[in-house]
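Enquirer: Encoded as structure tokens, here's the structure I'll be asking about.
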Amino acid sequence: MTDRSELRVIVSLCKSGSTALIHSLAHADGVSCYMQTVKSGQRTHGTPDYGIYRQHHEGTALGKETIGPRTLADCTLAVFPDDAAIRATRPVFLLRDPRDTWATWSRAGWGSLERFLTAYEHLLNLYDRAQALGVGTVFRYEAFGEDVERAFRELSAALGIGFTPDMIDWRLRFPDETPVIWRADVQADVDRGLSDSARRATGFRYRRSPQSITPAARAAIEARVGRRYRQLVSRPQVIGSACPAADSA
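Be aware that the sequence shown starts at 0, since it is given in numbering that gives the first Met the number 0, and climbs by one per residue.
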């Protein structure tokens, strides 16, 4: 892999809008999208599949990888084979408020709070490593609900791809002959309903529903990842930068 690759990587926790996001970004000219190929190798063979980092890509390739939810291996996924891959792919980290993310995980029945916190810490640590190497961009999930066009324009610029309004209102679908895009979703322990709804979707619309978590979970999230999250997303260089309230009803 050269110092700058035509491959860019987007990393997030599960339930952070990454499926809809990669579907939207696929509408940019000259962009190919790959969905969780590293994680698919981990789940299928017990070892991350780093083939996407070795292959040649025409134009720009976007690889989407999610951390979590069901096993410790999922929650500590080694997204990158080495530091050189981090430098070359200049990753974007999609961050959603950890309280809302846990509420969604909990509603889906996705295991323990401890495993969730391990996953979120791993995501933040991956970003810290990227920053130490002089790369890494943060995209704040909630920006979709504030100014979706601006969010996509800024993200497109960060990824080095052209913005198109079709990212917001889908005019096209992924063709049936490209199942590799949905490769990880063939695993039995993946929520097929999410994949199927994404396939049928005709537009991207951020929707935020009221989330409810227990006081104990709220306190644990605040102690382990909440402060780090808020400090990070309040930085001016973050796409969709904001300073979320310390707590909410």
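From the three backbone atoms N, C-alpha and C, an ideal C-beta is built for every residue, glycine too.
Comparing C-alpha positions only, which one of V134, G110, A84 sits nearest to V91?
Expert: Checked all of V134, G110, A84; the closest Cα to V91 is V134.
Enquirer: What residues match up with S31 in a beta bridge as DSSP calls it?
Expert: Answer by DSSP bridge pairing, in chain order: A60.
Enquirer: Report the option in T46, I51, A27 whose CA atom is closest to the CA atom of M34.
Expert: Minimum Cα distance to M34 is reached at I51.
Enquirer: Taking just the CA atoms, how far does D82 sit from T103?
Expert: Cα to Cα, T103 sits roughly 32 Å from D82.
Enquirer: Which of the three DSSP states is assigned to R69 in this structure?
Expert: Three-state DSSP puts R69 in coil, outside helix and strand.
Enquirer: Compare the Cα-Cα distances from E113 to each of R223, R234, V232 and report the closest residue.
Expert: Of R223, R234, V232, the residue nearest in Cα terms is R223.
Enquirer: If you draw a straight line from the alpha carbon of D48 to that of T36, how long is it in whole angstroms?
Expert: Approximately 6 Å, taken between the alpha carbons.
Enquirer: Hey, L12 and T100: beta-carbon distance below 7 Å or not?
Expert: In contact: L12 and T100 (Cβ atoms closer than 7 Å).
Enquirer: Would you kindly check if the distance between the Cβ of C32 and the Cβ of L76 is under 7 Å?
Expert: No, the Cβ-Cβ distance between L76 and C32 is not below 7 Å.
Enquirer: On a CA-only basis, which of G159, F138, Q41 is nearest L94? Give me that one, please.
Expert: Of the listed residues, the one whose Cα sits closest to L94 is F138.
Enquirer: Would you kindly check if the distance between the Cβ of S23 and the Cβ of K63 is under 7 Å?
Expert: In this structure, S23 does not lie closer than 7 Å to K63 by Cβ.
Enquirer: I need the straight-line Cα distance from E57 to I212, nearest angstrom please.
Expert: Computed Cα separation, rounded: 45 Å.
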